[in-house]
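Asker:
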Amino acid sequence: MIRKICLPSLHDGLSDYAIVLDLLFSTVSLHDNHSFVFSTLHPCLMDIVMNAIQAHILVVDDAQLIRNMMVQVLKKAGYTVDTVENGQQAVDYFIEYHPDLILMDADMPVLNGLEACQRIRELPEGKNIPILIVTAFGEREWVDRAYQMGATDYLTKPVNWHVLRNRIHYILQARRAEEALFEEKERAQVTLASIGDGVITTNAEGKVDYINPVAVRLTGWTPERAYGQALNEVFFVIDETTGEPVEAPLQRCLEQGETVDIAKENNVLLNRQTKQYFAIEDSVAPIRDRKGHIIGVVVVFHDVTELVYKSKHDSLTDLYNRREFESRLKRTLHTKSPIEHSLLYMDLDQFKIVNDLCGHEAGDQLLKDVALLLKKKVKENHGYGRATLARLGGDEFGLLLEKCGLQQSTNIANNIREAIENYRFFWRSNDTQETGIFSIGISIGLVPFNTEHAPQHDVLAVADASCFAAKHAGRNMVHVYQEKYAEQLERHKEIQWVSLINDNLTRENGFSLYYQPIMPLSEPEQGFHYEILLRMDDQRGSLLSPGSFLSAAGRHNLMPILDQWVVKTVLQWFVNNPHYIPQLTLLSINISGHSLGDKNFLATVIDSIRHAPIPPYKLCFEINETSAITNLSGAVNFMSHLKKLGCRFALDNFGAGMSSFSYLKNLPIDFIKIDGDFVKGIVNDPIDYATVKAINDIGHLMHIKTIAERVETKAILDKLKGISVDYVQGYWVGEPQPLKIKESIH
149 MIRKICLPSL HDGLSDYAIV LDLLFSTVSL HDNHSFVFST LHPCLMDIVM
199 NAIQAHILVV DDAQLIRNMM VQVLKKAGYT VDTVENGQQA VDYFIEYHPD
249 LILMDADMPV LNGLEACQRI RELPEGKNIP ILIVTAFGER EWVDRAYQMG
299 ATDYLTKPVN WHVLRNRIHY ILQARRAEEA LFEEKERAQV TLASIGDGVI
349 TTNAEGKVDY INPVAVRLTG WTPERAYGQA LNEVFFVIDE TTGEPVEAPL
399 QRCLEQGETV DIAKENNVLL NRQTKQYFAI EDSVAPIRDR KGHIIGVVVV
449 FHDVTELVYK SKHDSLTDLY NRREFESRLK RTLHTKSPIE HSLLYMDLDQ
499 FKIVNDLCGH EAGDQLLKDV ALLLKKKVKE NHGYGRATLA RLGGDEFGLL
549 LEKCGLQQST NIANNIREAI ENYRFFWRSN DTQETGIFSI GISIGLVPFN
599 TEHAPQHDVL AVADASCFAA KHAGRNMVHV YQEKYAEQLE RHKEIQWVSL
649 INDNLTRENG FSLYYQPIMP LSEPEQGFHY EILLRMDDQR GSLLSPGSFL
699 SAAGRHNLMP ILDQWVVKTV LQWFVNNPHY IPQLTLLSIN ISGHSLGDKN
749 FLATVIDSIR HAPIPPYKLC FEINETSAIT NLSGAVNFMS HLKKLGCRFA
799 LDNFGAGMSS FSYLKNLPID FIKIDGDFVK GIVNDPIDYA TVKAINDIGH
849 LMHIKTIAER VETKAILDKL KGISVDYVQG YWVGEPQPLK IKESIH
């Protein structure tokens, strides 16, 4: 049987015992087995139950009744509670169990509460445990002594249970917050110490207040020496090109709250205290407090020396690569000065013989040997500025001699030519053990220039043409460029292109095909739409895009042959891969203007289509706008014959040429490809936007689908969607991929 007892509510000024009994019996019932059962909770205890943080509390008091009452109250409030009778037991209990909070009476036998508090504080684990002293002494001297002995807080008797409730709640809450903050800080410290990036933080005055181990290693500053120093002292970077210091944008971060990538704005090197330099990537960002106020900055950086080195050097010879060579040449040209510089373009003679007879392994070794020999000869010559030696591709090398006039650079070129001429390449085959000794030569084109009066043509192209002139004149020679020979050099260069095109037409891998996706915007399709793109092997290890060689091919009537090769190769690919035809919606193939009036080409294309497995309606031929209008009758005739088979047509680069909409009525076209020069500016240029919109609108009025080229960002795509362009093509949609090495068009 449960007997329910309800006593009056709390009254201020009652004795401790009265308060305990009143609070207890107003909220519990007595069970037959003498255990207490809560029924209607007093409002004070209800708040405790609802807001309690699960915690382990130790109650220390020599009065058993108070211990029992406090256990019942605190347990019902959601806490785990244990009790001891004196200060010594409290110390022993803490050492073994580590409670979350101690409620300790001040005046107890054996060891009083204040001395127990002091002993606990002296333990390594006791420095942060909240200790709440409960005492009848309220004098200031006694309170001061309690704090001196290590008490977290104190309560005077008679205890106000409402105050006790809040005091325990907020003390534990503060301790949990402190522990969480400590753990978070420890986690952050461990993380910052173990990551591969250097990290430096400053205060609001820009003084260093933290530096992690990686930053210590990279900067050479120890934490003890770095703390309190200005950021620019510890994080000292210089411009890679000029060698001038680059100020870390500390003020921009502190005043404007901007995140800055210094390495993006300048190619920078971190200057270590030992005068070592590291290429870095970095960012400087503001640190904010809860209110958003900037209280410092954080610099995050990492060593990219190896990556930068690899990006600038040729992997085979360890010389600079073409990209870095051209970058340095460009910087030299941008520095206006009457000082004369020289550019050497060098091409090995007889390299192809070694490569063909002995294989690529021998060819690679020969290039390595030549690179070492060139390095040696460059180092032997002094008296000029910086020298940049690079492998430009295949068996071609470049040498940029800054602050080096014609006479000195001619001597250097002749020294290099003689050294290569006297060099003998020995090779033993690992497979056949056959040996061979080869002599080679080198043809050198030399272009002297200053940045105020550089050649009218591209300096590197002129040097290349001069090198070709040296080869044409008998090989193993130095040809010095002169302005009066410019026309002759262009002619030589043209012959070189024609020779390369004809040679590649006889080689199995001289030309290759790529494909690029064309994505529908207005009407989702089942299947894929692609354009076929042509690439040519430069026989130096790189592929050339059509813009490099089509002009020369056109002037020498080679375009019908190239177009025929493309059509036959594409259709043969589908003969070998017929299972991909069902998933293909449309395949676009470019046809040059030179092929439109060629009857033999037309007959060949018709015959190839009739014998191909792909349905003609899945083929689309792209014709350049200017070519079609220039040879309008030939274009109409060509298109009419293939239209009868079911083929479709697109007018390419519309807007770049004559752009007369009246011609569209005379051409049986299905698609207009809007020129990419207009498309790329559509976001920021209102004229480009209006042009694209006008072409699209007129096309739709004539029931012609539109395709926008050179779509390279989502912003461009969104603009095109807004004016209802039908299709998009460009690097944002997909980059060109090689056809021959893919299992499928996908």
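Just so we're aligned, residue 149 is where the sequence shown starts under the working numbering, counting upward by one.
Each residue gets a CB set at the ideal place from its N, CA and C atoms; glycine is no exception.
Near Leu-340, which residues of its chain fall below 6 Å by C-beta distance, leaving aside the five closest residues on each side in sequence?
Answerer: For Leu-340, where only same-chain residues beyond five positions count, the Cβ hits under 6 Å are Val-347, Asn-360.
Asker: Is the beta carbon of Ile-739 sitting closer than 8 Å to the one on Asp-711?
Answerer: In this structure, Asp-711 lies closer than 8 Å to Ile-739 by Cβ.
Asker: Can you check which of these residues, Ser-781, Ile-428, Leu-402, is closest to Asp-387 by C-alpha distance?
Answerer: The candidate whose alpha carbon is nearest that of Asp-387 is Ile-428.
Asker: Quick one: is Thr-839 buried, meaning 16 or more other Cβ sit within 10 Å of its Cβ, or exposed?
Answerer: Classification of Thr-839: buried, given that the 10 Å Cβ count is 16 or more.
Asker: Under a three-way DSSP split, which group does Pro-886 fall into?
Answerer: Three-state DSSP puts Pro-886 in a strand.
Asker: Have a look at His-482 and Thr-599 and give me their C-alpha separation to the nearest angstrom.
Answerer: Using only the alpha carbons, I get a separation of about 7 Å.
Asker: Return the Cβ separation of Gly-541 and Arg-688 in integer angstroms, given the expectation that the two are a contact with Cβ distance under 8 Å.
Answerer: With a Cβ gap of about 4 Å, Gly-541 and Arg-688 count as contacting.
Asker: Out of His-851, Tyr-662, Ala-535, Asp-836, which one is the CA nearest neighbour of Phe-819?
Answerer: Closest option to Phe-819, Cα to Cα, is His-851.
Asker: Could you check the C-alpha separation between Phe-383 and Val-447 for me, to the nearest Å?
Answerer: If I take the Cα positions, the gap works out to 9 Å.
Asker: For His-704, which three-state DSSP category applies?
Answerer: Reduced to three states, the DSSP call for His-704 is coil.
Asker: Take the Cβ of Asp-874 as the centre, count every other Cβ of all protein chains shown within 10 Å, and call the residue buried at 16 or more, exposed below.
Answerer: So Asp-874 ends up on the buried side.
Asker: Would Ile-319 pass as a contact of Asp-301 if the rule is Cβ separation under 8 Å?
Answerer: Yes, the Cβ-Cβ distance between Ile-319 and Asp-301 is below 8 Å.
Asker: Are the segment 501-519 and the segment 609-617 touching by the rule of at least three beta carbon pairs closer than 8 Å?
Answerer: The segment 501-519 vs the segment 609-617: no contact.
Asker: For Arg-539, which three-state DSSP category applies?
Answerer: Strand.
Asker: To the nearest angstrom, how far is it from the Cα of Asp-409 to the Cα of Leu-692?
Answerer: Each residue's Cα considered, the two are about 34 Å apart.
Asker: Tell me which residue opens and which closes the alpha helix (DSSP H) that Ile-762 is part of.
Answerer: Run containing Ile-762: none; DSSP gives neither H nor E here.
Asker: DSSP state of Lys-813, grouped into three classes?
Answerer: In the structure shown, Lys-813 sits in coil (DSSP, three-state: anything other than H, G, I, E or B).
Asker: Shortest alpha-carbon distance to Val-394 belongs to which of His-508, Val-385, Arg-400?
Answerer: Of the listed residues, the one whose Cα sits closest to Val-394 is Val-385.
Asker: Quick check on the DSSP output: the beta strand (DSSP E) that includes Trp-575 runs from which residue to which?
Answerer: Where Trp-575 is concerned, the enclosing beta strand (DSSP E) stretches over 572-576.
Asker: Out of Pro-694, Thr-861, Ala-567, Lys-792, point me to the one whose CA is closest to Ile-817's CA.
Answerer: The shortest C-alpha separation from Ile-817 is found at Lys-792.
Asker: Comparing alpha-carbon positions, which option in Asn-314, Asn-779, Asp-240 lies nearest Leu-98?
Answerer: Past the edges of the chain, shown from 149 to 894, lies residue 98, and the structure says nothing about it.
Asker: Alpha carbons only, please: which of Gly-702, Arg-683, Lys-355, Arg-293 is nearest the one belonging to Pro-694?
Answerer: Answer by Cα proximity: Arg-683.
Asker: Is the segment 718-732 in contact with the segment 743-761, if contact means three or more CB pairs nearer than 8 Å?
Answerer: With the cut-off at 8 Å, the segment 718-732 and the segment 743-761 touch.
Asker: Does DSSP classify Ser-872 as helix, strand or coil?
Answerer: In this structure, Ser-872 counts as coil in the three-state DSSP scheme.
Asker: Considering only C-alpha positions, which residue in the set Leu-681, Ser-591, Gly-622, Phe-597 is nearest to Asp-612?
Answerer: Minimum Cα distance to Asp-612 is reached at Ser-591.
Asker: Whole-angstrom Cβ separation of Pro-596 and Leu-537, contact assumed at under 8 Å?
Answerer: Rounded, the Cβ-Cβ distance is 18 Å, inconsistent with contact.
Asker: What is the DSSP secondary structure of Asp-497, counted as helix, strand or coil?
Answerer: If DSSP states are grouped into helix, strand and coil, Asp-497 belongs with the strands.
Asker: Taking contact to mean at least 3 C-beta pairs separated by less than 8 Å, is the segment 866-881 in contact with the segment 827-842?
Answerer: These segments touch.
Asker: What separation, rounded to the nearest whole angstrom, lies between the Cα atoms of Asp-825 and Ala-842?
Answerer: Using only the alpha carbons, I get a separation of about 15 Å.
Asker: Is it buried or exposed, Leu-608, if we count other Cβ atoms within 10 angstroms and call 16 or more buried?
Answerer: Label assigned to Leu-608: buried.
Asker: Thr-434: buried (16+ other C-beta within 10 angstroms of its C-beta) or exposed?
Answerer: Residue 434 is actually Pro in this sequence, not Thr. Pro-434 is buried by the Cβ-count criterion.
Asker: Check whether the segment 559-569 and the segment 436-454 touch, using three or more Cβ-Cβ pairs below 8 Å as the test.
Answerer: Too few Cβ pairs lie closer than 8 Å, so no.
Asker: May I ask which residues mark the beginning and end of the beta strand (DSSP E) holding Met-684?
Answerer: Its beta strand (DSSP E) spans residues 676-685.
Asker: Could you give the DSSP three-state label for Asp-845: helix, strand or coil?
Answerer: Residue state, collapsed to three classes: helix.
Asker: Here's the rule I'm using: 16 or more other beta-carbon atoms within 10 Å means buried, otherwise exposed. How should Val-232 be labelled?
Answerer: Val-232 comes out buried.
Asker: Any contact between the segment 734-753 and the segment 765-778? By contact I mean 3 or more CB pairs, one from each, below 8 Å.
Answerer: Touching, yes, given that three or more Cβ pairs across the two stretches are closer than 8 Å.
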